[in-house]
Amino acid sequence: MEPRIIVLFDVDGTLTSPRDRITPIMSSFLQSPPHNITIGIVGGSDLLKQKEQLGDNVLELYTWNFSQNGLVAYKNGELIACQSLNIHLGEAAIKRIINWTLLYLSKIDIPIKRGTFIEYRTGMLNISPIGRNCSREERDESERYDAVHLVRETMVKAMKDEFKDLDMTFSIGGQISFDVFPKGWDKTYCLKFLEKDFDVIHFFGDKTSLGGNDYEIFEDQRTLGHNVVGWEDTMRQCQELFLDWGTLREAR
Numbered sequence: 000m001e002p003r004i005i006v007l008f009d010v011d012g013t014l015t016s017p018r019d020r021i022t023p024i025m026s027s028f029l030q031s032p033p034h035n036i037t038i039g040i041v042g043g044s045d046l047l048k049q050k051e052q053l054g055d056n057v058l059e060l061y062t063w064n065f066s067q068n069g070l071v072a073y074k075n076g077e078l079i080a081c082q083s084l085n086i087h088l089g090e091a092a093i094k095r096i097i098n099w100t101l102l103y104l105s106k107i108d109i110p111i112k113r114g115t116f117i118e119y120r121t122g123m124l125n126i127s128p129i130g131r132n133c134s135r136e137e138r139d140e141s142e143r144y145d146a147v148h149l150v151r152e153t154m155v156k157a158m159k160d161e162f163k164d165l166d167m168t169f170s171i172g173g174q175i176s177f178d179v180f181p182k183g184w185d186k187t188y189c190l191k192f193l194e195k196d197f198d199v200i201h202f203f204g205d206k207t208s209l210g211g212n213d214y215e216i217f218e219d220q221r222t223l224g225h226n227v228v229g230w231e232d233t234m235r236q237c238q239e240l241f242l243d244w245g246t247l248r249e250a251r
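Going by numbering that gives the first Met the number 0, the sequence shown opens with residue 0, and the numbers climb by one from there.
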């Protein structure tokens, strides 16, 4: 009997360039896996952002879809689970985090500030020092600035100390933001839906170092983790790992 295999993909930096739409090449490649492989998507953003990047029919294209790290889970297009941050933490704790964050951001001096510094999602808070309303050019510049000045890393350290009583996880991902969520609500959360149905779980992601939002699932004993450096590298590694998953030449 063939092993039951699922291949889970992160979105940003793995299937697409950061906050960009999937290319036709990559989309086509994902539609032709070997016959014994199931495709799954797991991202930190909400389903709306996944649709913006992967297409409005993302729930139809992929058997398993996990947005917000799996707090919102779909199988074959049907919602099977949904966890809520406000129920878990309570409104008082959420307001405490938001008020502290706004005060902190008002005191830091960075080259650019735009809008939507805090985005409330079903299972997490996404915090961006520059603000999510920045342009593509401003996003790229902010990433370069942060790599030198460690704006996000410094803020995360301060939040870990301030909110150590809440048992929260702070995960830096993407170019301009980081996520705040209860411990255990990282991408490993989605594995609870998969571990009984599959013999092998592969995971592909780009933020797999400690502190990155792919780290926990990459290191989890239930997965075989693969670090990638962009969507073309994801295609290449899939081809090398699964020899009957077409070729890059054919995919183009």
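Glycine included, each C-beta is placed from N, C-alpha and C at the ideal position.
| query | result |
| --- | --- |
| Along the chain, where does the alpha helix (DSSP H) containing W63 start, and where does it finish? | Where W63 is concerned, there is no enclosing alpha helix (DSSP H), although the beta strand (DSSP E) it sits in stretches over 63-66. |
| In or out: K254 buried (at least 16 other Cβ within 10 Å) or exposed? | The structure shown does not extend to residue 254, since the chain spans only 0 to 251, so no value can be given for it. |
| Between the alpha carbons of L70 and L58, how many angstroms are there, rounded? | 15 Å |
| Using three-state DSSP, classify E231 as helix, strand or coil. | helix |
| Any idea what DSSP makes of P23, helix, strand or coil? | helix |
| Within 10 Å of its beta-carbon, does R235 have 16 or more other beta-carbons around it, so buried, or fewer, so exposed? | exposed |
| How would you label S83, buried or exposed, when you count the other beta carbons within 10 angstroms and need 16 or more for buried? | exposed |
| Which two residues bound the contiguous beta strand (DSSP E) that contains Y73? | 71-74 |
| Across which residues does DSSP place D178 in a beta bridge pair? | N125, S170 |
| To the nearest whole angstrom, what separates the beta carbons of Q238 and W244, a pair I think is in contact under 8 Å? | 6 Å |
| Using the rule of at least 16 other Cβ atoms within 10 Å of the residue's Cβ for burial, across every protein chain shown, is T233 buried or exposed? | buried |
| If you draw a straight line from the alpha carbon of I64 to that of K106, how long is it in whole angstroms? | A small fix is needed here, since residue 64 is Asn in this sequence, not Ile. Whole-angstrom Cα-Cα distance: 39 Å. |
| Evaluate the contact criterion for the segment 79-95 versus the segment 181-196: three or more CB pairs, one atom per stretch, below 8 Å. | yes |
| Applying the criterion that 16 or more other CB atoms from any shown protein chain within 10 Å of the CB defines a buried residue, is D164 buried or exposed? | exposed |
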